């Protein structure tokens with residue numbers, strides 16, 4: 002990309018975003034933090050099953066399935082952060098970036114442990130995202 | 002999503018989660034017809050966007066994304082049917098097989114049309130599955 | 002979804018399905034229970050490998066791969082059930098719903114065990130589905 | 002699927018499976034060129050549907066689904082080439098590398114056209130792979 | 002990618018790799034913005050092919066493949082943001098959250114257009130992320 | 002990857018890129034062996050983490066993630082082999098088929114072991130592919 006087109010691109014970026022994502026211009030416009038929450042509950046469930054079992058193969062499966070579910074939590078949160086939230090939301094909720102960064106890191110942390118408190122912390126962060134999400138929908 | 006179903010959904014959220022996922026013998030035991038419903042709403046949204054646009058490329062994208070979302074609806078419904086529902090549920094709700102068969106066929110039908118009524122029919126069938134699901138959770 | 006659109010949707014359902022899936026209206030129309038059978042053989046193979054090994058890491062991999070293959074069995078069976086079979090097939094083979102429900106549950110069961118008999122039971126159910134499938138093709 | 006390939010497929014099924022999967026040292030050891038063939042038949046089916054329709058949206062879906070099926074053909078062929086075939090097979094069938102290279106390129110070509118002859122050429126190459134595969138199983 | 006940014010990328014690559022992957026506490030610790038860049042170049046390539054063609058089916062495929070590649074760009078960027086960057090990086094580069102938010106939004110924008118400038122804007126943002134990434138690796 | 006092949010790879014990369022993506026007839030024409038290399042480095046990283054840990058659950062995760070990464074290596078190599086390389090390349094580099102066959106087999110081998118030397122052997126083979134790739138781009 003040459004300097005000129007880069008500057009043009011930057012100029013575009015500087016002027017365009019204010020109206021770019023208003024009035025739902027996406028294919029479907031359906032978002033719901035419930036998707037992340039359900040997978041996070043599944044993560045917690047996998048931990049409880051892991052902790053309650055003495056069967057090595059079962060525990061292997063719990064770890065494996067938890068890994069997949071935690072990845073889905075991250076994915077659903079990333080989609081909300083990038084696709085749903087707009088600059089005007091960020092003005093009103095300046096904590097959004099930090100909140101999503103920590104929540105997706107928390108989802109990553111649930112892959113590395115079977116401590117249920119880590120999953121509950123993730124669920125609390127998703128609940129906070131959910132609260133803000135529905136406020137913006139009012 | 003209209004006001005009524007919105008309020009119902011909120012009511013569900015407010016009252017249900019505390020006991021929602023007890024008594025389950027699978028690795029995580031978390032099921033929720035909301036997963037199928039959210040994707041089906043997305044299918045409906047894609048149809049509305051398709052119908053409201055004159056841009057051929059945009060319409061191509063709407064068709065493409067709808068296809069993926071409808072596939073996710075089928076997947077979430079199949080998982081509920083096979084993994085969540087048990088013989089004792091089927092005794093009480095003998096219509097379950099037919100209900101899921103038609104609902105997954107309806108999800109397939111939404112791939113083939115942009116008639117919003119087909120998506121609404123799918124949503125109605127998911128709502129019926131949702132009603133039975135939560136009855137079995139009581 | 003409000004009451005009105007729900008009723009409309011139900012009305013649609015009452016009138017439409019009779020002709021909906023006649024005369025193969027899908028994109029390709031290619032189905033073959035061999036897809037489910039091959040994956041189920043793989044599930045059985047993973048169990049045999051698991052049982053014949055003392056290497057913990059190898060056994061972990063066998064469990065992991067079996068989980069994926071069993072999921073593919075479920076997927077291929079679900080597709081057959083929903084997409085291939087039509088109301089007229091169900092009239093002639095009223096056991097189809099129960100057969101697929103049990104077969105997909107059996108596929109799920111193979112995730113939870115390394116008992117080869119469970120995989121063989123799954124293969125027997127797929128063989129029965131295969132038999133009916135090819136009868137309908139005559 | 003035409004009568005000839007149908008009969009061949011049936012003949013294969015009737016004679017082969019009993020000893021099909023012996024002598025294999027991988028986690029499951031189950032391979033079957035039928036997986037690639039079924040997806041390639043689906044590719045051909047999508048082309049026929051595309052060519053037989055005047056509905057732009059339907060044609061878009063046919064192109065989209067064909068693309069996915071052709072990718073699956075490539076995947077199944079690649080797995081056979083890398084995972085199933087061993088140096089001793091290559092000594093006996095020195096054409097294997099070229100055969101797989103051309104067959105996977107042919108699968109790629111089916112993405113770019115709706116000329117049924119291209120899909121039939123792909124099916125012929127898969128049939129040749131299938132022939133060699135079952136010879137090595139004897 | 003033009004000569005200048007290409008040379009910058011090469012300069013980065015020429016100096017960095019020897020120590021690139023030290024000091025990492027995750028399962029593998031390998032990150033590289035090149036993954037996002039390569040997919041973004043593919044997005045740009047799809048746009049150019051789209052713009053240079055009169056064949057409707059080819060254009061449909063270009064849109065479809067671009068959609069998938071743009072999704073991969075988002076995924077690779079999200080992983081970098083959540084998994085690679087740590088609080089100490091954010092202290093030094095407080096613009097990181099905003100940079101990733103806009104870059105992933107830019108990746109989303111490339112799905113909605115075939116204006117090559119939008120892909121170049123995305124590439125410029127990835128180049129900026131790449132620059133910071135390799136600074137943190139020093 | 003040893004120092005020598007690493008330096009060779011870097012030297013090759015330093016000279017080639019100016020015309021890298023010309024003369025390509027696919028939808029985007031962007032190929033880069035870096036995709037396979039990055040995943041192979043991740044495979045090596047997973048092995049090192051596995052070998053350096055006494056935590057059974059962590060080791061399970063390392064095996065699982067390595068399996069996925071090794072599969073991605075195979076995929077990226079297969080794509081290069083089938084999609085990028087043309088008959089004229091093969092005339093000039095008649096070893097290509099054997100090189101890719103062995104490299105993808107080597108990627109498969111990394112699933113079955115945590116011996117870092119196996120991953121380094123894979124990286125050396127990818128470096129050789131990378132060297133030829135960039136020569137063909139000159």
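Protein chains in written order, with this note's numbering: chain G, 2 to 139; chain D, 2 to 139; chain C, 2 to 139; chain U, 2 to 139; chain V, 2 to 139; chain X, 2 to 139. All C-beta atoms, glycine included, are put in the ideal place defined by N, C-alpha and C. Bear in mind the structure is a predicted one, so any value in this text is a computation, not a measurement.
DSSP places residue 59 (chain D) inside the alpha helix (DSSP H), whose first and last residues are 57-80.
Contact between the stretch 103-117 of chain V and the stretch 67-77 of chain V is present, with at least three C-beta pairs closer than 8 angstroms. The alpha-carbon of residue 101 (chain G) is positioned some 15 angstroms away from that of residue 85 (chain V). The criterion of a C-beta distance shorter than 8 angstroms is not satisfied by residue 83 (chain U) and residue 45 (chain X).
Listed in chain order, the positions of the stretch 35-66 of chain D with a beta carbon within less than 7 angstroms of a beta carbon of chain V are 58, 61, 62 and 65. The alpha-carbon separation between residue 123 (chain D) and residue 35 (chain D) amounts to approximately 13 angstroms. Residue 120 (chain G) and residue 48 (chain G) do touch by the CB rule: their CB atoms are close to 6 angstroms apart, below 8 angstroms.
Per DSSP, reduced to three states, the secondary structure at residue 109 (chain G) is helical.
Counting the other Cβ atoms within 10 Å of the Cβ of residue 135 (chain C) gives fewer than 16, which makes it exposed. Its chain contains no residue whose beta carbon lies nearer than 7 angstroms to that of residue 99 (chain C) once the 5 sequence neighbours on both sides are disregarded. Each of D:71, D:62, D:29 and D:61 was checked against the Cα of residue 127 (chain D), and the nearest Cα belongs to D:71. Here residue 88 (chain D) carries a helix assignment [DSSP, helix/strand/coil]. Taking the Cβ atoms as the reference, residue 77 (chain C) lies roughly 16 angstroms from residue 125 (chain C), outside the contact range of under 8 angstroms. No residue range can be given for residue 115 (chain X), since it is assigned to no alpha helix (DSSP H) and is classified by DSSP as neither H nor E.
For residue 96 (chain V), no alpha helix (DSSP H) encloses it, and the DSSP letter there is neither H nor E.
In terms of CA proximity to residue 41 (chain D), G:30 leads the group G:90, G:116 and G:30. Pairing residue 56 (chain G) with residue 39 (chain V), the inter-Cα distance amounts to about 44 angstroms. CA-CA distance, residue 88 (chain X) to residue 116 (chain X), rounds to 36 angstroms.
The C-beta distance from residue 137 (chain V) to residue 90 (chain V) rounds to 5 angstroms, short enough to meet the 8 angstroms contact threshold.
If you look at residue 29 (chain X), you'll find it isn't in any alpha helix (DSSP H); DSSP assigns it neither H nor E. Taking a beta-carbon distance threshold of 8 angstroms, residue 77 (chain V) does not count as an interface residue toward chain G.
By the C-beta density criterion, residue 93 (chain V) is exposed, having fewer than 16 other C-beta atoms within 10 angstroms.
Taking C-alpha positions only, residue 50 (chain D) is separated from residue 104 (chain D) by approximately 23 angstroms. Looking at the backbone, the Cα of residue 133 (chain U) and that of residue 43 (chain C) are separated by about 21 angstroms.
C-alpha of residue 95 (chain C) to C-alpha of residue 80 (chain D): approximately 22 angstroms in a straight line.
Taking C-beta separations shorter than 6 angstroms and ignoring five residues to either side along the sequence, the partners of residue 63 (chain D) in its chain run 47, 50 and 51, following chain order. If the five residues before and after residue 118 (chain V) are omitted, its C-beta is found closer than 6 angstroms to no C-beta atom of its own chain. Shown here, residue 54 (chain G) sits in coil according to DSSP, grouped into three states, outside any helix or strand.
Distance from the CA atom of residue 54 (chain X) to the CA atom of residue 58 (chain G), rounded to whole angstroms, is 20 angstroms. When Cβ-Cβ separations below 8 angstroms define contact, residue 90 (chain C) makes no contact with chain D. In terms of beta-carbon proximity, residue 112 (chain D) lines the interface with chain U, with at least one pair separated by less than 8 angstroms. Closer than 8 angstroms to the CB of residue 109 (chain D) there is at least one CB belonging to chain C. Rounded to the nearest angstrom, the gap between the Cα atoms of residue 139 (chain X) and residue 129 (chain U) is 37 angstroms.
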